[in-house]
Amino acid sequence: MQVLSVNGVTKSFGDKEVIAKATFTIQHGSRTGLIGANGSGKSTLMKIMSGLDGPSDGYVRRASNVTFAYLPQTIQFSDRHTVGSWLEEAQHQLRAIQLHLEQLTKQMGLCKEQQSLNRIMEEYGELAERFEACGGYELDYRIQAVLHGLGLSYLTKNQRVSALSGGEKTRLGLAATLIQNPDVLLLDEPTNHLDSAAINWLEDYLNTFKGALVVVSHDRTFLDKTVTKILEVNEFDHQVREYSGNYTLYIQEKHDARRQWEQRYARERLKIQELRLRIYESARQVGHNRPPKDGNKMAYFGHGQKVQRAVSSRVRAAEVELEKILENPTPRPPDPMKFAASLQAEQVHRPTVVTIAHVNVTKSDGAAILKDVSLTLGKHQHVLLTGPNGAGKTTLLNIIANAAAGGFMYETGGLQITGEVFVPRHIHAAYIQQEFQPQIKHSSEANPVSDRPASGNEGNQSDFSLLDIFRQLLPGQRDDHVSKLLSYQLFQYKDFHLPVTSLSPGQLRKLMIAKLMAKEANLLLIDEPTNHVSFDILEEFERALNQFPGPVVAVSHDRWFIQHFQGSVWTLNHGILTTSVADGMSTEAENKMRDEIQELGQYQVD
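Per the working numbering, the sequence shown runs over residues 40 to 645.
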């Protein structure tokens, strides 16, 4: 049964279009994942489906007597709400049915007239059937099961929601949505603030849910386990495209489509070359066809006309075919994502590119973040750095990045840092930070952004565009940089002149990736690379990362990224780093490491 249909829906805010002519249907019991880059319109489309917002054009049809429950990314709680009152409000539809059933039961006991009794009994039967279909008889059990599954069973009914943490509020909002047990469940990023146990429970719960599910999620493993159809919102043309299957099948279909696109483009370019060569060669034949040798002027003239007609016919046919292709050419596919490695032989004669000895990091109140951390990073080693939030993973990346830069370029938050860090001078690090704040470089540095019109407000980030930030410190001319950035197909040309201050988190993340691709680095430091970008870019990014020949240190909580990462795993927990090297380091190896630092010069932090 069709429970929802979206027909030619367009949504605009002013002159900005976010959804363009979306058309799709949702069937009862279906499992749909809604994906796309940050800011592509997913949440807007979810609000339209829920009925909380309307389209600018087109229409949405919802089946009659179908209930909807919607979990937005951000939930607004009032100060008056307690845990109990919030959950009670979520049950209001079922509680209303339950109350009506109780009233009908009383009426049946008091009714003396058979015709009226039959009418009441018929109404009771229909309502009881509806109550059972919505899980009303299991409501109290479901509330306890959902709270337990989401790790909220310790909450009491009288607790003020305002006193809860952000994570607890998010989980409480999800719990309130799930216990409604609607016909259509709309969830926008339901795995936010869930630990692995809660995510596993949610996956199992949704797989037994009998209604239709539409879910927005950045968790690719979650999508792989819970959906059987993908709707993708394109960030450039804002259209919605449908793919059958879970996330794995979606990626396979995208890969197949990309390969066919590349093959089609290659065949077309070859055909264009052949046609142009045919036109050129045919034109040359006019001058190379010899006339009869007997001096017969009429024969000479007739021969020339035949040649001219034949050549003209071939040329015209080729020109028509060429014009037809060029009127609607196949767009050039983006270049495969690749990080430009700078690994000349003389630069990598040492097996180790990062050495850290006995680094301790403490907060101003004395709380330890890193405790006696020692490690070495090999010249080809790829490392995944794991650990709970607040374990110091970003701090450790910042320390390595600062050492590679020869100073405190990256924020360490006024922390007390002691110990020794050595990164050889030939190591050039590229760092994708979790939060990107573009730094404006001026004319004292290579390739400054000095070719922009003078604004009289030097250093103001609003004066600099996306292209300006990309060009920083890159060799070559502006046209070279424009061509390079276009070839990545991360941005459209019209985006190049957007002020950097107006860029969304997703656009900033793509700009960081573009700079990483353009910069010749021999050490990559990556902090939460899966944030804010579309899945197809992520897949390309991860492939390029695994193919990078130099050392990599990456931090990620993304299950898909972790499962597909090719390299070692280091763990930070309670300030202690566990690595296969540091754990087994002998006294002799440690002394050798310290000698190397003393011999080559060191980056001392104390």
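For glycine and all other residues, C-beta sits at the position ideal for the given N, C-alpha and C.
Model, not experiment: these values are computed from the prediction.
- Pairing P221 with D179, the inter-Cα distance amounts to about 16 Å.
- Residues of the same chain with a CB within less than 8 Å of the CB of N612, apart from the 5 flanking positions on each side, are G426, P427, A430 in chain order.
- A direct Cα-to-Cα measurement between V392 and F587 gives close to 15 Å.
- DSSP places G205 in the helix class (H, G or I) of the three-state scheme.
- For G164, the number of other beta carbons within 10 angstroms of its own is below 16, and it is reported as exposed.
- For T415, the enclosing beta strand (DSSP E) begins and ends at 407 to 417.
- Taking a C-beta distance under 9 Å as the contact criterion, L314 and I364 qualify as a contact pair.
- Beta-carbon to beta-carbon, A237 and L189 are separated by about 5 Å, close enough to satisfy the 8 Å threshold.
- The way I'd put it, the segment 224 to 237 does touch the segment 195 to 214; three or more beta-carbon pairs between them come closer than 8 Å.
- Two segments are said to touch when three or more pairs of C-beta atoms, one from each, lie closer than 8 Å; by this definition the segment 102 to 112 does not touch the segment 54 to 65.
- Rounded to whole angstroms, S526 and D374 show a C-alpha spacing of 6 Å.
- Secondary structure at I290: helix, using DSSP grouped into helix, strand and coil.
- For Q41, the three-state secondary structure derived from DSSP is strand.
- Sequence-distant Cβ neighbours of A553 in its own chain, meaning closer than 7 Å and more than five residues away, are F509, L524, Y527, L529.
- The criterion of a C-beta distance shorter than 9 Å is satisfied by L126 and I218.
- When only Cα atoms are considered, I615 and P390 end up about 25 Å apart.
- With a minimum length of 4 residues, the unbroken runs of alpha helix (DSSP H) contained wholly in the segment 569 to 595 fall at 574 to 586.
- Here DSSP, grouped into helix, strand and coil, assigns L225 to strand.
- In this structure, V592 lies near L563, with their beta-carbon atoms less than 9 Å apart.
- Nearest to L550 by alpha-carbon distance, out of V572, D566, E559, A560, is V572.
- Take R371, set aside five residues on each side of it, and the residues of its chain with a beta-carbon closer than 8 Å to its own are Y304, in chain order.
- Assigned with DSSP and collapsed to three states, S69 falls in coil, not helix or strand.
- Collapsing the DSSP output to three states places N77 in coil.
- Annotated as proximal: L435 and L424, with beta-carbon spacing under 9 Å.
- Of I439, T265, F261, L84, the smallest CA-CA separation from F248 is found for T265.
- According to the DSSP assignment, L616 belongs to the beta strand (DSSP E) that extends over 615 to 617.
- G445 counts as exposed, since fewer than 16 other C-beta atoms from the protein chains shown sit within 10 angstroms of its C-beta.
- For Q602 and L584, the gap between their C-alpha atoms comes out near 14 Å.
- The residue from G80, V460, C173 with its alpha-carbon nearest to that of V255 is G80.
- When C-beta atoms of the segment 69 to 85 are compared with those of the segment 271 to 286, three or more pairs fall below 8 Å, so the two segments count as touching.
- With contacts defined as CB atoms closer than 9 Å, V539 and S595 fail to qualify as a contacting pair.
- Within the model, the alpha-carbon separation for G148 versus M160 is close to 11 Å.
- One alpha carbon belongs to S607, the other to T618, and they sit about 8 Å apart.
- Cβ-Cβ distances below 7 Å link D276 to A59 in the same chain, with the five nearest sequence neighbours on each side left out; the list follows chain order.
- Under the DSSP assignment, N399 falls in the beta strand (DSSP E) whose first and last residues are 391 to 401.
- Looking at the DSSP output, R100 bridges to S44.
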